[in-house]
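Student: Before I ask anything, let me first share the structure, which is written out below as structure tokens.
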């Protein structure tokens, strides 16, 4: 199992690294040339600044059973399609049960923004300590669940032999 973080402007990188280190899980931070990062724990991959370049690189290197941290629903959908787990920086898990609705809502919101000539939408609210705590608890719970699933899938593979 590995953790991959879509790290461009990601506010939970430090939390991810702290928890990953606690569980001894290799972690890779992916960013573009506009957001170069440095880390004492994680591998850092810097990708060209093209549109979605980080997203495509992340999806190309993640595998079944890995954990992807991203606020991008499209990246999450592709990760789920590969059998990886995906979590939003809010702590919400992306699942096969909720991803279609999230993608549809994103599409409808984008369509509404395009049709409205007034572009005075507010940005996201300021992140709080409670947000960080909620993410950390949810992320750690996801890791424990993924590790349990990893163990049971290995047992199933052994039984099939």
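Numbering (the working numbering), first residue to last: 2 to 162. Every residue, glycine too, gets a C-beta built ideally from N, C-alpha and C. Note that this is a predicted model, so its numbers are computed, not measured.
Can you check which of these residues, 90, 111, 143 and 110, is closest to residue 129 by C-alpha distance?
Tutor: Here the closest residue by C-alpha is 90.
Student: Assuming the contact rule is C-beta atoms closer than 8 Å, residue 69 and residue 87 should be a hit. Round their C-beta distance to whole Å, please.
Tutor: So it is a contact: roughly 5 Å between Cβ atoms.
Student: Ordered along the chain, which non-local residues of its own chain (more than five positions away) have a Cβ less than 6 Å from that of residue 45?
Tutor: 30 and 38.
Student: In or out: residue 16 buried (at least 16 other Cβ within 10 Å) or exposed?
Tutor: Buried, since its Cβ has 16 or more Cβ neighbours within 10 Å.
Student: Whole-angstrom Cβ separation of residue 34 and residue 6, contact assumed at under 8 Å?
Tutor: In fact, because the Cβ distance is near 17 Å, the residues do not count as touching under 8 Å.
Student: Identify which residue in 42, 72, 85 and 10 has its Cα closest to the Cα of residue 103.
Tutor: Among 42, 72, 85 and 10, the Cα nearest to that of residue 103 belongs to 72.
Student: So what does residue 28 bridge to, in DSSP terms?
Tutor: Partner(s): 4.
Student: Just list the residues that DSSP pairs residue 87 with in beta bridges.
Tutor: DSSP output for residue 87 lists 69 and 95 as bridge partner(s).
Student: Among 4, 2, 13 and 8, which one has its Cα closest to the Cα of residue 131?
Tutor: The candidate whose alpha carbon is nearest that of residue 131 is 13.
Student: Tell me the residue span of the alpha helix (DSSP H) that contains residue 55.
Tutor: Taken as a continuous stretch (DSSP letters only), the alpha helix (DSSP H) holding residue 55 covers 54-62.
Student: Return the chain-ordered list of same chain residues with a C-beta closer than 7 Å to the C-beta of residue 78, the five sequence neighbours on each side being excluded.
Tutor: Once the five neighbours on either side are set aside, the close Cβ partners of residue 78 are 100 and 104.
Student: For the putative contact between residue 146 and residue 66, defined by C-beta atoms under 8 Å, what is the C-beta separation to the nearest angstrom?
Tutor: Not really, about 11 Å apart at Cβ, beyond 8 Å.
Student: For residue 74, does the count of other Cβ atoms within 10 angstroms reach 16, so buried, or fall short, so exposed?
Tutor: Burial call: buried.
Student: What are the start and end residues of the beta strand (DSSP E) that includes residue 37?
Tutor: First-last for residue 37: undefined, no H or E at that position.
Student: Apart from the five residues on each side of it in sequence, which residues of its chain come closer than 7 Å, Cβ to Cβ, to residue 143?
Tutor: Closer than 7 Å at the Cβ level, and outside the excluded window around residue 143, lie 68, 86, 88 and 94.
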